[in-house]
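Scroll down for the structure; my scribbles are underneath it.
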Amino acid sequence: MWRPTTDTDRSPEGSSRDFHALASRSLSAYLVYQLLNADAQNKAAAYSNNPDIRFEYTVISNIYSAGLPPLEAGSVVAERFIARERTMDPMDEVFRTTNGMR
2 MWRPTTDTDR SPEGSSRDFH ALASRSLSAY LVYQLLNADA QNKAAAYSNN
52 PDIRFEYTVI SNIYSAGLPP LEAGSVVAER FIARERTMDP MDEVFRTTNG
102 MR
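According to my numbering, the sequence shown is numbered sequentially starting from 2.
Here's what the structure looks like:
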């Protein structure tokens, strides 16, 4: 399917084709926190208006050479994990991250 190319389709480095070729090789990191602590679950339920909440999710996307560099993305994942651990008891949370595509 053809569509007109817009300025937002172009990267600073070159053509839209170059940009899309780089973006097609990007990664995402998905972080899932299981809310095992009753206090954490109550806080999440109050924030989200979902009384049945059991997990919190976040994603770090756009990990590739023209976006967020992989090394920096690793530090972002670590920072988010450390920030989360500071607010919750480490034994009460399950941390899982999945990188890339399956």
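Beta carbons: idealized from backbone N, C-alpha and C, even for Gly.
Proximal residues to residue i (C-beta, below 8 angstroms), its chain only, five neighbours per side dropped
{"i": "A84", "result": "none"}
{"i": "A74", "result": "L28, A30, I61 and I64"}
{"i": "P52", "result": "A46"}
Pairwise C-alpha distance: residue j and residue i
{"i": "Y31", "j": "T59", "result": "6 angstroms"}
{"i": "S25", "j": "I61", "result": "16 angstroms"}
{"i": "F82", "j": "E57", "result": "12 angstroms"}
{"i": "P71", "j": "A79", "result": "12 angstroms"}
{"i": "D40", "j": "V33", "result": "18 angstroms"}
Inter-residue CB distance, residue i and residue j (contact presumed, cutoff 8 angstroms)
{"i": "Q42", "j": "I54", "result": "7 angstroms"}
Own chain residues within Cβ distance below 6 angstroms of residue i, not counting five before or after
{"i": "K44", "result": "none"}
{"i": "V77", "result": "I61"}
{"i": "L69", "result": "N63"}
{"i": "N50", "result": "none"}
Coil, strand or helix - residue i by DSSP
{"i": "I54", "result": "coil"}
{"i": "N38", "result": "coil"}
{"i": "Y65", "result": "coil"}
{"i": "S29", "result": "strand"}
Sequence-distant residues of its chain with Cβ nearer than 7 angstroms to residue i (five each side left out)
{"i": "Y48", "result": "none"}
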